[in-house]
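Asks:
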Amino acid sequence: MTGPDPTFMTASDWAAAADLLAALWFLLGSALGFGACMLLAHGMIPSLAISRDIPAHVARRIRIPLYAGAVLFLLLGFYAISLFIERLDLISDLFYRGAQ
Numbered sequence: 061m062t063g064p065d066p067t068f069m070t071a072s073d074w075a076a077a078a079d080l081l082a083a084l085w086f087l088l089g090s091a092l093g094f095g096a097c098m099l100l101a102h103g104m105i106p107s108l109a110i111s112r113d114i115p116a117h118v119a120r121r122i123r124i125p126l127y128a129g130a131v132l133f134l135l136l137g138f139y140a141i142s143l144f145i146e147r148l149d150l151i152s153d154l155f156y157r158g159a160q
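Position one of the sequence shown corresponds to residue 61 (the numbering used here), numbered consecutively onward.
Given below as structure tokens:
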């Protein structure tokens with residue numbers, strides 16, 4: 061059978077690839093958390109307050125922690141991006157070794 065041979069990857073390479081994918085999953089989770097917090101705080105809560113489904117003072121109290129959560133998820137997203145960039149050297153190592 062012709063084609064690429066995956067045996068050139070060692071156990072440490074597979075562990076590094078798992079760490080790289082973990083950083084991507086971490087980024088996805090933080091992006092979904094940020095989106096959910098912003099959707100609730102900036103979209104749904106004001107709409108519920110305008111339609112008087114919830115009182116305005118309750119809407120103001122609910123929005124502040126949601127914005128704080130959005131900031132927290134945004135910072136976690138930046139951290140996940142830095143982790144991903146830090147672990148990207150695996151890709152160049154694998155392509156360099158696989159091309160030989």
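Note that CB positions come from ideal geometry on N, CA and C, so glycine has one too.
None of these values were measured; they are calculated from a predicted model.
So, using beta-carbon positions, are I141 and I122 closer together than 8 Å?
Replies: Taking the sequence shown and counting its residues from 1, the one referred to as residue 141 is at position 81. Taking the sequence shown and counting its residues from 1, the one referred to as residue 122 is at position 62. Contact flag unset, no.
Asks: Determine, using beta carbons only, whether A91 and G137 come nearer to each other than 8 Å.
Replies: Numbered from 1 along the sequence shown, position 31 holds the residue referred to as residue 91. Numbered from 1 along the sequence shown, position 77 holds the residue referred to as residue 137. In contact: A91 and G137 (Cβ atoms closer than 8 Å).
Asks: Please name the residue in L81, G129 and I145 whose C-alpha comes closest to that of F94.
Replies: Taking the first residue of the sequence shown as 1, we reach residue 94 at position 34. Of the listed residues, the one whose Cα sits closest to F94 is G129.
Asks: Between the beta-carbon of F144 and the beta-carbon of L87, is there less than 8 Å?
Replies: Residue mapping note: residue 144 aligns to position 84 of the sequence shown, counting from 1. Residue mapping note: residue 87 aligns to position 27 of the sequence shown, counting from 1. Yes, the Cβ-Cβ distance between F144 and L87 is below 8 Å.
Asks: Quick one, which of A71, A83, A96 and T67 has its alpha-carbon nearest E146's?
Replies: Residue numbering aside, residue 146 sits at position 86 when the sequence shown is read from its first letter. Measuring from the Cα of E146, the nearest candidate turns out to be A83.
Asks: Which residues bound the alpha helix (DSSP H) around S107?
Replies: Stepping through the sequence shown from its first residue, residue 107 is reached at position 47. Where S107 is concerned, the enclosing alpha helix (DSSP H) stretches over I105 to I110.
Asks: Among T70, Y139, R112 and P125, which residue has its Cα nearest to the Cα of M98?
Replies: Taking the sequence shown and counting its residues from 1, one reaches residue 98 at position 38. Considering only alpha carbons, the answer is P125.
Asks: Who are the Cβ neighbours of A78 in its own chain at under 6 Å, not counting the five residues just before and after it?
Replies: For this step, residue 78 is matched to residue 18 along the sequence shown. No residues qualify anywhere along the chain.
Asks: Can you look up P125 in the DSSP assignment and give me helix, strand or coil?
Replies: Locating residue 125 in the sequence shown gives position 65, counting from the first residue. Correct three-state label for P125: helix.
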